[in-house]
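701 is the number of the first residue of the sequence shown in our numbering; add one for each residue after it.
All C-beta atoms, glycine included, are put in the ideal place defined by N, C-alpha and C.
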Amino acid sequence: IMAMDTHKTNAAVQGNACGAIRNLSRNNSENKVKLMNLEVGNRIIMAMDTHRTNAAVQENACGAITNLSWNNSENKVKLMNLEVGNRIIMAMDTHRTNAAVQEQACGAITN
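Structure representation (C-alpha cells):
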C-alpha cells in the first residue's frame with residue numbers, strides 16, 4: 701500500500717500492487733476485511749484513474765475488485781460507494797479488444 705502511495709505515476713508499481721491485492725484477497729475472508737480497512741479501494745480507484753490506458757493495471761484492478769467483493773456484502777457496498785462500477789465500465793470501454801481486461805471486468809460486474 702505504501703508503494704501505491706509513493707509511486708502513483710508508475711504503472712508497473714500500480715499494476716503489481718493491484719495484482720498483490722488481488723492475490724491476497726482471493727478466497728481469504730480475513731484478508732478482504734483487513735485490506736478494505738487499509739482503504740485499498742481508494743488506491744485501486746486511483747490506479748485505475750491514473751493509468752486508464754494501461755491494460756495490466758486495469759486487469760489487475762478489476763481482478764482485485766472481484767476478489768475483495770466476492771461473498772462480502774460490506775465490501776461490495778464500500779466499493780460501489782467509491783463508484784467502482786464507473787471505473788469497471790471505463791476499463792471495458794478503453795480496452796475493448798483486450799480479452800483479459802474484459803474477462804476480469806465482467807467478473808467484477810457479475811460478482
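Query raised in the report: Would a C-beta distance cut-off of 7 Å place V757 and Q714 closer than the cut-off?
Result: Taking 7 Å as the cut-off, the beta carbon of V757 is found closer than this to the beta carbon of Q714.
Query raised in the report: Quick one: what does DSSP say I701 is sitting in, helix, strand or coil?
Result: I701 falls in the coil class under three-state DSSP.
Query raised in the report: When we look at the beta-carbon of G785 and count the other beta-carbons within 10 Å, is it buried (16 or more) or exposed?
Result: With fewer than 16 other Cβ atoms within 10 Å, it is exposed.
Query raised in the report: According to DSSP, is E803 helix, strand or coil?
Result: Here E803 sits in helix by DSSP.
Report task. Flag this pair as yes or no: are the beta carbons of M704 and A717 separated by less than 7 Å? Result -> Yes, these two residues count as a Cβ contact at 7 Å.
Requested in this report: Give the secondary structure of N727 by DSSP, where H, G and I count as helix, E and B as strand, and everything else as coil.
Outcome: Residue state, collapsed to three classes: coil.
Report task. Report the rounded CA-to-CA distance for G807 versus N710, giving the unit in angstroms. Result -> For G807 and N710, the distance between alpha carbons rounds to 26 Å.
Report task. Select from V733, V740 and T706 the residue whose C-alpha is nearest the C-alpha of A720. Result -> Closest option to A720, Cα to Cα, is V740.
Query raised in the report: My guess is that L782 and N742 are in contact by the Cβ rule of under 8 Å, so how many angstroms apart are they, rounded?
Result: Rounded, the Cβ-Cβ distance is 7 Å, consistent with contact.
Query raised in the report: Count the other CB atoms within 10 Å of the CB of R722; is the residue buried (16 or more) or exposed (fewer)?
Result: The residue in question, R722, is buried, as its Cβ has 16 or more Cβ neighbours within 10 Å.
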